[in-house]
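Note sheet for the following structure.
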Amino acid sequence: MVASSTAANIPPRKHPPETAVSDFLVTLNALLKDNQYTALSDAFVAFAKTHPGLDFFIEEAIPARVADHVLSKSGAASAFTTFTLQNPNWAVDLQRSALDPQAFTQNINDIEAKVAALVAAAKAPKSPA
């Protein structure tokens, strides 16, 4: 009888293998955390040139990573949700601007400002009706 290979015979990986995409996502997170939006876009431009075809995976991850960044800065999930409802194309607009450092930086700054304005409006005292 020939011994069959089963999942039980394969040792589990401690962590996923490093790839160009996973490495860049670490860079993306670090630059977002440091509010280095222009540097992030510059790095993405370089990544897209050196890894043609893989830029799609980064582009798809950008809105979620930026959303997480804005939420961690503002702590205002309801304001961010309101922003997304008022700006239904925000994610696509952000993706389209990712290869233009000035536009990308402006886009993130605009998102942060709009969310901050929504937070301020929610905290403003209401006048009696």
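Count the sequence shown with our numbering and you get residues 11 to 139, in order.
The beta carbon of each residue, even a glycine, is placed where N, CA and C say it ideally should be.
The structure presented is a predicted model; accordingly, all values stated were derived computationally and were not measured.
What do you reckon, are the CB atoms on residue i and residue j nearer than 9 Å?
{"i": "residue 113", "j": "residue 89", "result": "no"}
{"i": "residue 96", "j": "residue 107", "result": "no"}
Can you tell me whether residue i is buried or exposed? The criterion is at least 16 other CB atoms within 10 Å of its CB, across all chains shown.
{"i": "residue 119", "result": "exposed"}
{"i": "residue 51", "result": "buried"}
{"i": "residue 41", "result": "buried"}
{"i": "residue 104", "result": "buried"}
{"i": "residue 15", "result": "Any reading at residue 15 needs caution, since the residue's pLDDT is 49, under 50, leaving its predicted position unreliable; the model's value is listed next. It is exposed - the Cβ of residue 15 has fewer than 16 other Cβ atoms within 10 Å."}
{"i": "residue 102", "result": "exposed"}
For residue i and residue j, what's the separation of their Cα atoms in angstroms?
{"i": "residue 47", "j": "residue 111", "result": "7 Å"}
{"i": "residue 77", "j": "residue 57", "result": "21 Å"}
{"i": "residue 38", "j": "residue 92", "result": "25 Å"}
{"i": "residue 129", "j": "residue 67", "result": "32 Å"}
{"i": "residue 45", "j": "residue 121", "result": "13 Å"}
{"i": "residue 123", "j": "residue 53", "result": "24 Å"}
{"i": "residue 73", "j": "residue 135", "result": "32 Å"}
{"i": "residue 63", "j": "residue 31", "result": "11 Å"}
{"i": "residue 34", "j": "residue 59", "result": "13 Å"}
{"i": "residue 109", "j": "residue 133", "result": "36 Å"}
{"i": "residue 43", "j": "residue 84", "result": "13 Å"}
{"i": "residue 86", "j": "residue 55", "result": "31 Å"}
{"i": "residue 75", "j": "residue 137", "result": "37 Å"}
{"i": "residue 80", "j": "residue 29", "result": "26 Å"}
Taking the alpha helix (DSSP H) that residue i falls in, what are its first and last residues?
{"i": "residue 29", "result": "Taken as a continuous stretch (DSSP letters only), residue 29 belongs to no alpha helix (DSSP H), as it is neither H nor E."}
{"i": "residue 65", "result": "65-84"}
{"i": "residue 95", "result": "87-96"}
{"i": "residue 103", "result": "100-107"}
{"i": "residue 124", "result": "111-133"}
Determine the DSSP secondary structure at residue i, reduced to helix, strand or coil.
{"i": "residue 44", "result": "coil"}
{"i": "residue 137", "result": "coil"}
{"i": "residue 38", "result": "helix"}
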